[in-house]
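What follows is a set of notes on a single structure, which appears directly below.
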Amino acid sequence: MLFMSHEIHERENDGIVILDVKGHLALGSEDSRLNQHLQSLLNAGKKNVIVNLHQVSAIDPAAVGSLIRYAEEFHHAGGRLALLNPARDHAAGEVLELETSMPVYTDEHEAVNSFFPDRKVPHYDLLEFLEEEAHHPPEPEPQKKG
């Protein structure tokens with residue numbers, strides 16, 4: 020069976036390496052290419068990495084196993100491997116296995132901030148705001164004397 024190969028684009032956000040992967044991840048040359056890229060990052064001392072799966076069309080169990088193995092290797096090196104945007108239409112078992120093996124995020128800002136435990140991510144809850152407003156109605160404006 021022939022699978023579409025994938026592309027890997029590397030970028031950084033706040034010192035965290037982000038790999039944007041596009042295509043199909045399966046056992047074979049595609050999986051090896053991602054493995055080689057992750058290994059080269061470890062060899063270069065880049066220990067905090069996010070793999071963005073937003074544009075991955077499919078992922079097979081062997082590729083899941085590779086990601087889990089590399090998550091352990093990054094952890095042993097004193098860093099962390101996190102995933103961003105695993106597609107919900109991938110096989111449910113693979114996504115569940117990834118989510119239980121490493122941190123998974125749907126927002127890049129949250130994923131990057133997760134590498135900095137001292138950062139407080141601003142939280143804004145519209146429902147909370149509206150409930151607060153309902154309990155404390157605004158003071159009426161003074162009427163202007165004319």
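Those letters in the sequence shown? Residues 20 to 165, by this note's numbering. Idealized CB from N, CA, C, for every residue including glycine. These figures come from a predicted structure and were not determined experimentally.
| Asked | Found |
| --- | --- |
| Can you list, in chain order, the residues of its chain with a C-beta nearer than 8 Å to that of residue 127? Leave out the 5 residues immediately preceding and following it. | 32, 37, 69, 71, 103 |
| With 16 as the cutoff for other CB atoms within 10 Å, does residue 79 come out buried or exposed? | buried |
| Report the rounded CA-to-CA distance for residue 147 versus residue 153, giving the unit in angstroms. | 10 Å |
| Using the beta-carbon count (16 or more within 10 Å), is residue 119 buried or exposed? | exposed |
| Taking residue 65 as the reference, which of 75, 98, 133 has the closest Cα? | 98 |
| Rounded to whole angstroms, how far is the Cβ of residue 77 from the Cβ of residue 43, which I believe are closer than 8 Å? | 5 Å |
| Looking at the ligand GTP, does it come within less than 6 Å of residue 41, judged from the CB to the closest heavy atom? | Among the components modelled here there is no ligand, and therefore nothing to report on the ligand GTP. |
| Under 7 Å between the Cβ atoms of residue 136 and residue 117? | no |
| Would you tell me roughly how many angstroms separate the C-alpha atoms of residue 123 and residue 162, rounded to the nearest one? | 54 Å |
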